[in-house]
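See below for the structure under consideration.
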Amino acid sequence: MIKCQFAGLSVRRPIINPFDCLTYRQLFWVEVQRRLLKTENALGSKFKEDPIGDHGARTKRRLQPASEDKERCREAPSVKAAKQTEKVSESIKHGEATKSSESFGHWNQGLKTSMQDSKMQVYKDDKVVVIKDKYPKARYHWLVLPWQTISSLKVLREEHCALVKHMQQVADQMVQQCPDASSLRFRTGYHAIPSMSQVHLHVISQDFDSPCLKNKKHWNSFTTDYFMESHDVIQMLETNGRVTVKEGSSELLKLPLRCHVCRKEFPTIPALKEHLKSHLPS
DNA sequence: GTTCTAGAAC
DNA sequence: GTTCTAGAAC
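Residue numbers for the first sequence follow full-length UniProt numbering, beginning at 1 and rising by one.
What follows is the structure, encoded as structure tokens:
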């Protein structure tokens, strides 16, 4: 690692090949370009034109083949760019770059944004909205969300009972209108410890036939007690006036991979997913 | 929540 | 060598 200073800029650069050393002046321009790109990214889409004029060809990028799976799972770049812009403008509004998990635009607030987006909505009434999960873990995977801001199951009380029952009714409706309802099984429930803010009821078909289902956490969050049945949640609210999440629920995500139909255990996600094909409707 | 990647496992 | 996972970063 060498360090040099030029025109007030301090530059550090690892030396891989000592004969490949750049002069201080060259290092300076490399650093200027790097910082320009960084600033440009921070400003989001404000400056869309390529400042260098080579469409970023000089910027190191990871080469990745366009895979169908990736396309099915990844959000459109335009959506990502819009979110980035939104995040930055929000930070500017507040006069600072905030890292708080509560800040609007943080990844865990994504559902609040999605539920307001008419393009995402597949059903809505005066109390709830239904959107498709952005990264569906099965052929059918919807989320039922209340318009009322309710951060998580923890804040639910008896007065939310009617609302939560309505969410269940809407979930049932979604299943009924599904063209494959007769051949697929569905479950409706909540994650014990959700990552995303705003209470959301998962309505998910039990085929788990999706390229977005990629890891143990995904699998166990829908196939262990980490997935809390909607009916059980309603019952808890009715009897206790609140929802209690079992201690150690997060540990459930680390359980071995076990088929939810025949309970057979598998060593890896690919092996499990291959097996799941055998349970698909013929 | 996702992506990315080091390093474990094979 | 490749596949896969786990954990950091976002």
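Cβ atoms here follow ideal geometry from the backbone N, Cα and C, with glycine treated the same way. Being a predicted model, the structure only gives us computed values, none of them experimental.
Checking the DSSP bridge columns, you'll see L257 partnered with F266. Annotation for E159: no beta strand (DSSP E) segment contains it, and DSSP assigns it neither H nor E. Around the beta-carbon of A138, 16 or more other beta-carbon atoms lie within 10 Å, marking it buried.
Look at the UniProt domain "HIT" (108-213) and you find these whole runs of beta strand (DSSP E), each 3 residues long or longer: 121-124, 128-132, 141-146, 186-191 and 201-205.
For the pair H166 and K124, the CB atoms are not nearer than the 7 Å cut-off.
Linking S151 to S197 through their CA atoms gives a straight-line distance of about 5 Å.
Rounded to whole angstroms, the separation of the alpha carbons of P146 and A162 is 11 Å. Between V203 and M228, the C-beta gap is not smaller than 7 Å, which leaves the two residues out of contact. DSSP places E247 in the coil class of the three-state scheme, outside both helix and strand.
Going by DSSP, F104 is part of no alpha helix (DSSP H) at all; its letter is neither H nor E.
Within a 10 Å sphere around the beta-carbon of T188 sit 16 or more other beta-carbons, which makes this residue buried. Contact between H200 and V144 holds: CB atoms are separated by about 7 Å, below the 8 Å threshold. By the beta-carbon neighbour count (other beta carbons within 10 angstroms, threshold 16), N220 is buried. CA-to-CA, the gap between P136 and P194 works out to about 15 Å. Straight-line spacing of the CA atoms in C73 and S183 works out to 24 Å. In this structure, V155 is the residue among V155, S205 and V170 with its C-alpha nearest to the C-alpha of R242. From the listed residues Y190, Q176, D172 and D225, the smallest Cα separation to E251 is found for D225. A check of alpha carbon separations from C259 across A271, N240 and E159 identifies A271 as the nearest. Membership of N215 in any alpha helix (DSSP H) is not indicated, and neither H nor E is assigned to it by DSSP.
With fewer than 16 other beta carbons inside 10 angstroms of its own, W107 counts as exposed. Here S230 has V164, M167, Q168, A171, T188, G189, Y190 and L201 as same chain residues with Cβ atoms under 8 Å from its own Cβ, once five neighbours each way along the sequence are excluded. At least 7 Å separates the beta-carbon of V233 from that of A192. At the C-beta level, I131 and Q121 come within 7 Å of one another. Annotation: the continuous alpha helix (DSSP H) that includes S230 extends over S230 to N240. When only Cα atoms are considered, C212 and K273 end up about 11 Å apart. As computed with DSSP, F227 is found in a beta bridge with H191. Secondary structure of L272 (DSSP, three-state): helix.
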